[in-house]
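Trainee: Have a look at this one before I ask anything.
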Amino acid sequence: MSKNNDIKKVSQDKDAEIIIRQHRRWTHWLERNKVLGEGNFILTNRRLLFLHRIVSTPDVSASIKELADAPLEKVLDHALTLHKNSFQVPLSSIMQVGVITLFGFPLPRFCLEIVYLKGKKLDPHTADFKFITSDPAMMFMPQLFVDLGWQKAIRKAIQESGRQKTK
């Protein structure tokens, strides 16, 4: 009996949502040169999420503590509801991932650009993200390398999610 339960548990864990990569607190969501939001940028094996920064209140802290033992998918779904500007993009909706240059004063800057399909009509939308770090070890790493690392990780996650669907 316990052997069958272990097998079911492994197969459930195989389909579980996992975080592949994340950039905490210091991700700017951009439109042209305007910052639309600041928060966490998370890549999972199923979706890409931008969780807008929120002000912690006792209610928010209590709801987070209630989810301490919950599966990651449930925790991320709850986090999406905490701010109206948080959003998610399923990996299957992503059309293009690239690095672009935004020209601003005093120097141009690199940003990660995601083109994805949104809505019932599946209209293409674009979201740009700039990663800022407060980690002293990463301070002098050129922005281009950070963006290229994210681009590679997202493309690999899209390929892997496509393989899992066909298996």
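Using this note's numbering, the first residue of the sequence shown is number 2, and each one after it goes up by one.
Here a beta-carbon is modelled for each residue, glycine too, at the ideal position from N, C-alpha and C.
1. Measuring straight from C-alpha to C-alpha, what distance separates A154 and Q97?
2. Just the Cα atoms here: how many angstroms apart are L83 and F146?
3. Spatial neighbours of Q23 within its chain, please: C-beta separation below 6 Å, excluding the five flanking residues on both sides.
4. Look up L49 in the DSSP assignment and give the residues it is bridged to.
5. DSSP state of R22, grouped into three classes?
6. In terms of DSSP beta bridges, what is K119 paired with?
7. What are the boundary residues of the alpha helix (DSSP H) that T82 is part of?
8. Which class does I133 belong to by DSSP, given the choice of helix, strand or coil?
Mentor: Checking against the coordinates, here is how it stands:
1. Here the alpha carbon of A154 sits roughly 13 Å from the alpha carbon of Q97.
2. Whole-angstrom Cα-Cα distance: 31 Å.
3. Hits under 6 Å: I43.
4. Note: L49 sits in a beta bridge opposite L44 and V90.
5. Strand, per DSSP.
6. Per DSSP, D124.
7. Where T82 is concerned, the enclosing alpha helix (DSSP H) stretches over L73 to T82.
8. Of the three classes helix, strand and coil, the one that applies to I133 here is coil, per DSSP.
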